[in-house]
Structures are given as C-alpha cells and as structure tokens.
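Student:
In the numbering used here, the protein residues as written are 2 to 68.
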C-alpha cells in the first residue's frame with residue numbers, strides 16, 4: 002500500500018512538473034505570438050536539473066564524497 006501511494010505521489014509530481022510547465026509555456030508562447038511581442042521561452046530541462054527534491058541530490062551538484 003505504501004509503495005502504491007508513493008508511486009501515485011511521484012506520478013502527481015511528474016504530471017505537475019512536466020505537463021503543467023509545458024501547458025504554461027505553450028500558452029505564454031501563443032499569447033506572445035498573437036500579440037506580436039518577443040518572448041524568451043524557458044528551457045524546461047534546465048529547471049529540472051537545477052532543482053532537487055527533498056532527500057535527493059540535484060543533477061548539477063557534485064556527490065558528497067565524505068572528505
């Protein structure tokens with residue numbers, strides 16, 4: 002049961018992180034294109050690499066070697 006809850010929570014995090022970010026970015030791009038204004042769209046993968054979840058190491062942070 003606990004493993005299933007954990008998988009459900011991980012799925013929700015992935016859904017919010019990927020789908021939510023994609024939908025917001027797409028909508029922002031559409032609005033700027035319609036208005037004819039310049040826009041710099043974010044690189045979603047970079048956000049993911051720079052952020053870390055509690056108890057997990059950031060992809061960019063070096064591993065702690067204990068020295």
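All C-beta atoms, glycine included, are put in the ideal place defined by N, C-alpha and C.
Alpha carbon to alpha carbon, what distance is there between residue 17 and residue 28?
Tutor: 15 Å
Student: Can you tell me whether DSSP reads residue 21 as helix, strand or coil?
Tutor: helix
Student: If you draw a straight line from the C-alpha of residue 22 to the C-alpha of residue 15, how long is it?
Tutor: 10 Å
Student: Hey, how far is the Cα of residue 32 from the Cα of residue 26?
Tutor: 10 Å
Student: Quick check: the Cα distance between residue 20 and residue 39, rounded to an integer number of angstroms?
Tutor: 24 Å
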